[in-house]
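Colleague:
Numbering (my numbering), first residue to last: 29 to 142.
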(Lines of atoms letter the chains of each structure in order from A and count residues from 1; the text may use other names and numbers.)
(Lines give C-alpha, C1' and ligand atoms only; values in the text may rest on other atoms or scores of the structure.)
Protein backbone atom coordinates (compact mmCIF):
# COMPACT_ATOMS: atom_id res chain seq x y z
CA UNK A 1 0.00 0.00 0.00
CA UNK A 2 0.93 3.62 -0.54
CA UNK A 3 0.18 6.48 1.81
CA UNK A 4 0.21 10.13 0.81
CA UNK A 5 0.36 12.95 3.36
CA UNK A 6 -0.25 16.49 2.17
CA UNK A 7 0.56 19.80 3.82
CA UNK A 8 0.69 23.48 3.01
CA UNK A 9 -2.85 24.55 2.23
CA UNK A 10 -4.54 27.55 3.75
CA UNK A 11 -6.04 30.98 3.17
CA UNK A 12 -4.21 33.47 0.98
CA UNK A 13 -5.08 36.77 -0.63
CA UNK A 14 -5.34 37.11 -4.41
CA UNK A 15 -1.88 37.50 -5.88
CA UNK A 16 -0.29 35.58 -3.03
CA UNK A 17 1.65 32.34 -2.98
CA UNK A 18 1.45 28.94 -1.32
CA UNK A 19 3.49 25.77 -1.52
CA UNK A 20 1.89 22.37 -1.18
CA UNK A 21 3.91 19.30 -0.22
CA UNK A 22 3.03 15.62 -0.44
CA UNK A 23 5.15 12.89 1.07
CA UNK A 24 4.68 9.32 -0.08
CA UNK A 25 5.39 6.29 2.10
CA UNK A 26 4.77 2.55 2.02
CA UNK A 27 5.40 0.38 -1.03
CA UNK A 28 6.81 3.17 -3.14
CA UNK A 29 9.60 1.65 -5.14
CA UNK A 30 9.46 2.38 -8.85
CA UNK A 31 7.03 5.26 -8.53
CA UNK A 32 5.94 6.65 -11.85
CA UNK A 33 3.89 9.81 -12.15
CA UNK A 34 2.96 12.05 -9.25
CA UNK A 35 0.88 15.15 -9.29
CA UNK A 36 -1.90 17.32 -7.98
CA UNK A 37 -5.60 17.41 -8.73
CA UNK A 38 -8.12 19.90 -7.41
CA UNK A 39 -11.85 19.98 -6.91
CA UNK A 40 -13.86 23.14 -6.42
CA UNK A 41 -17.41 23.06 -5.01
CA UNK A 42 -19.85 21.86 -7.65
CA UNK A 43 -17.11 21.02 -10.13
CA UNK A 44 -15.37 17.87 -11.25
CA UNK A 45 -11.92 17.00 -10.03
CA UNK A 46 -9.31 18.21 -12.52
CA UNK A 47 -5.63 17.55 -13.04
CA UNK A 48 -3.61 20.63 -12.10
CA UNK A 49 -0.09 19.38 -12.71
CA UNK A 50 1.82 16.13 -13.00
CA UNK A 51 5.47 15.13 -13.07
CA UNK A 52 7.05 11.92 -14.27
CA UNK A 53 9.91 10.09 -12.61
CA UNK A 54 12.29 11.70 -15.11
CA UNK A 55 10.98 15.18 -14.44
CA UNK A 56 8.63 15.67 -17.39
CA UNK A 57 5.87 18.05 -16.34
CA UNK A 58 2.34 18.73 -17.49
CA UNK A 59 0.02 21.58 -16.46
CA UNK A 60 -3.58 22.52 -17.02
CA UNK A 61 -3.71 25.67 -19.14
CA UNK A 62 -5.24 27.80 -16.38
CA UNK A 63 -2.15 27.49 -14.15
CA UNK A 64 0.64 27.62 -16.70
CA UNK A 65 3.16 30.29 -15.79
CA UNK A 66 1.83 30.53 -12.23
CA UNK A 67 2.28 27.05 -10.74
CA UNK A 68 5.40 24.91 -10.68
CA UNK A 69 5.49 21.23 -9.83
CA UNK A 70 8.65 19.53 -8.66
CA UNK A 71 9.67 16.33 -6.93
CA UNK A 72 12.43 15.08 -4.70
CA UNK A 73 12.83 11.39 -5.50
CA UNK A 74 15.15 10.83 -2.54
CA UNK A 75 12.39 12.02 -0.20
CA UNK A 76 9.50 10.61 -2.26
CA UNK A 77 7.95 14.04 -2.08
CA UNK A 78 6.18 16.16 -4.66
CA UNK A 79 5.67 19.91 -4.35
CA UNK A 80 3.36 22.43 -5.96
CA UNK A 81 4.53 26.03 -5.81
CA UNK A 82 1.54 28.26 -6.50
CA UNK A 83 2.03 31.95 -7.27
CA UNK A 84 -0.21 34.79 -8.47
CA UNK A 85 -3.12 32.94 -6.94
CA UNK A 86 -6.63 33.82 -8.07
CA UNK A 87 -10.01 33.29 -6.40
CA UNK A 88 -10.78 30.66 -9.03
CA UNK A 89 -7.87 28.59 -7.70
CA UNK A 90 -9.91 27.97 -4.55
CA UNK A 91 -10.42 24.24 -4.19
CA UNK A 92 -9.44 21.14 -2.29
CA UNK A 93 -6.11 20.01 -3.68
CA UNK A 94 -5.36 16.29 -3.77
CA UNK A 95 -1.98 14.68 -4.12
CA UNK A 96 -1.93 11.83 -6.65
CA UNK A 97 0.48 9.03 -7.35
CA UNK A 98 0.39 6.36 -10.02
CA UNK A 99 1.85 2.95 -9.31
CA UNK A 100 -0.16 0.37 -11.24
CA UNK A 101 -3.22 2.26 -9.99
CA UNK A 102 -4.04 5.70 -8.62
CA UNK A 103 -3.42 6.61 -5.02
CA UNK A 104 -4.82 9.76 -3.41
CA UNK A 105 -4.04 11.96 -0.45
CA UNK A 106 -6.70 13.18 1.92
CA UNK A 107 -6.86 16.62 0.36
CA UNK A 108 -5.86 20.07 1.57
CA UNK A 109 -8.00 23.19 1.29
CA UNK A 110 -6.67 26.19 -0.60
CA UNK A 111 -8.78 29.35 -0.32
CA UNK A 112 -7.91 32.49 -2.24
CA UNK A 113 -9.89 35.42 -0.93
CA UNK A 114 -9.47 38.98 0.24
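A virtual CB, placed ideally from N, CA and C, is assigned to each residue, including glycine.
Since the model is a prediction, treat every value here as computed from it, not as a measurement.
1) Helix, strand or coil, according to DSSP, for residue 91 in the structure here?
2) Would you kindly work out how many angstroms separate the C-alpha atoms of residue 83 and residue 65, rounded to a whole number?
3) Please state the DSSP three-state secondary structure of residue 100.
4) Are the stretch 42-55 and the stretch 65-78 touching, with three or more C-beta to C-beta distances below 8 Å?
5) Taking the continuous beta strand (DSSP E) assigned at residue 49, which residues delimit it?
6) Taking residue 121 and residue 138 to be in contact with their CB atoms under 8 Å, please state how far apart those CB atoms are, rounded to whole angstroms.
7) For residue 80 and residue 71, I'd like the C-alpha separation in whole angstroms.
8) Opposite residue 66 in the DSSP bridges: which residues?
9) Would you tell me roughly how many angstroms separate the C-alpha atoms of residue 206 and residue 110, rounded to the nearest one?
10) Taking buried to mean at least 16 other C-beta atoms within 10 Å of its own C-beta, is residue 78 buried or exposed?
Modeller: Working from what's here:
1) In the chain shown, residue 91 corresponds to position 63, counting from 1. Of the three classes helix, strand and coil, the one that applies to residue 91 here is helix, per DSSP.
2) Position 55 of the chain shown, counted from the start, is the residue given in the question as residue 83. Position 37 of the chain shown, counted from the start, is the residue given in the question as residue 65. Approximately 18 Å between the Cα atoms of the pair.
3) Here residue 100 refers to the residue found at position 72 of the chain shown. Strand, per DSSP.
4) no
5) Translated into the one-based positions of the chain shown, residue 49 becomes position 21. First-last of the beta strand (DSSP E) with residue 49: 46-54.
6) Stepping through the chain shown from its first residue, residue 121 is reached at position 93. Stepping through the chain shown from its first residue, residue 138 is reached at position 110. About 5 Å separates the two Cβ atoms, so the contact holds.
7) The residue labelled residue 80 in the question sits at position 52 within the chain shown. The residue labelled residue 71 in the question sits at position 43 within the chain shown. Answer to the nearest angstrom: the Cα atoms are 26 Å apart.
8) Here residue 66 refers to the residue found at position 38 when the chain shown is read from its first residue. In the DSSP output, where bridge partners are listed per residue, residue 66 has 74, 121.
9) Outside the shown range of the chain (29 to 142) lies residue 206, about which nothing can therefore be said.
10) Here the question's residue 78 lines up with position 50 in the chain shown. So residue 78 ends up on the buried side.
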